[in-house]
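To start, the structure itself, in structure tokens.
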Ligand code: 4AD
Ligand code: MG
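In the numbering used here, the protein residues as written are 76 to 540.
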């Protein structure tokens, strides 16, 4: 018999009412008495379970019933009926059951409800079977789909940028090396340095920290592109907002200035949040109930309010005058910490903020220099509870100025010769930004720790599963 997806049965069950149906999934609970058993089954298609009701007077396969416990995987067949109980629309009067896999009640770790998120991280191989991670993983899927839909509908092309690269886009130096050299027996040059000519690619390579530089090459041909892929940072940041491996969406647009860039970022974020509000109600309601009672209100607020735009210099002014005692003192020239960003967003403006025109010394080499010679046309989008969710800029399109910045920052011209050539041949004003996928997932799910919005988090000292 053809298997029905539980989501379809719960939502469109009236089409199959009083007919025989089959479902397959994992048992969430089994309860009852000697006359009747109620088995709640979930197959991950939706947050809700379907209930299989078994009349034990008719169904006398005791051996099978014994094997059914929380976590077991079963296939159940029976008549779909309107539910007598409250809280569910349809249930199944189970007539035949097959147990695919038992889950020893003494050993299966997901027995009682209310495990801590910390504990669930230790069993990341099983946590997708919890309501929380089911909801998070379905949200990740919906959000990914909405991202592709937004760009496709707006005439952007999805560009696949490399994961292994020889360049360091952000210049932060926090890169994971990629090598096939024997670490116990490294080949050396006559000067005693490691001889990377003998490495797999014949040069030093690393995992990408950003697809932007290659993204720019695409934009200077296709006009509007975006990337959506994994990026890697070897910074030793043990915070609730940093991962060593995270996903980033990076649109890059020819002929956009910084204002066009901000407009796109704001429209993009609002589109994604609206999409989730419209399409993922059940999962949002669950997460709101469990973790964050203002979640849906906060999401709607962001969709319905204009982001505040101001310069870095104006922001510093506000922070200095705030009278707050920050852990990291503020003065013009310092990089903003999350405490500063959150003060601006949560206390001062009480809505998302876009900061522009940062000091050139705290930003990457590729950002367009302003006429003041001190600031660059950078933009960071700051969100409540998160801080920086997007970082971007208008790019320096002038060959001489770009080369000047490259030299100033000690970057080897030879490593980025191809990037420089785009400024020699048909250069164009252009802009782009990077959205941290998991930062947005944090905001959308209401979860408090970035380790809980990605299936298998990579953080310092942790690459299990
Ligand atoms: O601000 P970042 O470093 O900007 C870039 O990489 C640019 N190349 C983007 C561009 O202009 N195309 O990173 C962009 C975003 C941040 O705003 C943040 O949301 C996220 O990526 N991010 C991280 N997310 C999780 N863990 C980390 N360690 C992150 N580092 C950055
Ligand atoms: Mg940044």
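Glycine is no exception: its CB is placed at the ideal position from the N, C-alpha and C atoms.
Annotated three-state conformation of residue 512 is helix, per DSSP.
Residue 449 and residue 435 have their C-alpha atoms roughly 6 Å apart.
By the criterion of at least three beta-carbon pairs nearer than 8 Å, the segment 111-126 is in contact with the segment 206-226. With 16 or more neighbouring CB atoms inside 10 Å of its own CB, residue 236 falls in the buried class. DSSP places residue 76 in no beta strand (DSSP E); its state is neither H nor E. Following the DSSP letters along the chain, one finds residue 469 inside the beta strand (DSSP E) bounded by residues 462-469. Judged by pairs of C-beta atoms under 8 Å, the segment 315-333 does not touch the segment 172-187, as fewer than three such pairs exist. When C-beta atoms of the segment 481-492 are compared with those of the segment 442-456, fewer than three pairs fall below 8 Å, so the two segments do not count as touching.
Taken in chain order, the whole beta strand (DSSP E) runs of length 3 or more contained in the segment 115-159 are 125-130 and 148-157. The three-state secondary structure of residue 337, taken from DSSP, is helix.
Where residue 496 is concerned, the enclosing alpha helix (DSSP H) starts and stops at 492-499. Each of 455, 463 and 466 has a C-beta closer than 7 Å to some heavy atom of the ligand MG; these make up the full list, in chain order. When DSSP states are grouped into helix, strand and coil, residue 81 belongs to the helix group. Contact check between the segment 155-172 and the segment 498-510: fewer than three CB pairs, one atom from each, fall below 8 Å, which does not count as touching. Scanning its chain for C-beta atoms nearer than 6 Å, with the 5 sequence neighbours on each side dropped, one finds no residue around residue 194.
Residue 329 sits in a strand when the DSSP states are folded into three classes. One Cα belongs to residue 528, the other to residue 477, and the distance between them is close to 38 Å.
Shown here, residue 231 sits in coil according to DSSP, grouped into three states, outside any helix or strand. When distances are taken from the beta-carbon of residue 514 to the heavy atoms of the ligand 4AD, the shortest one is below 7 Å. Check the Cα spacing between residue 288 and each of 280, 249, 301 and 244: the tightest is with 244.
Annotation for residue 474: the continuous alpha helix (DSSP H) segment containing it runs 474-483. Residue 326 sits buried, since 16 or more C-beta atoms from the chains shown fall within 10 Å of its C-beta. With contacts defined by Cβ atoms closer than 8 Å, residue 467 and residue 507 form a contacting pair. In this structure, the beta-carbon distance from residue 362 to residue 393 does not fall below 8 Å. For residue 252, the beta-bridge partners assigned by DSSP are 281. Contact between the segment 289-303 and the segment 253-264 is absent: fewer than three C-beta pairs spanning the two stretches fall below 8 Å.
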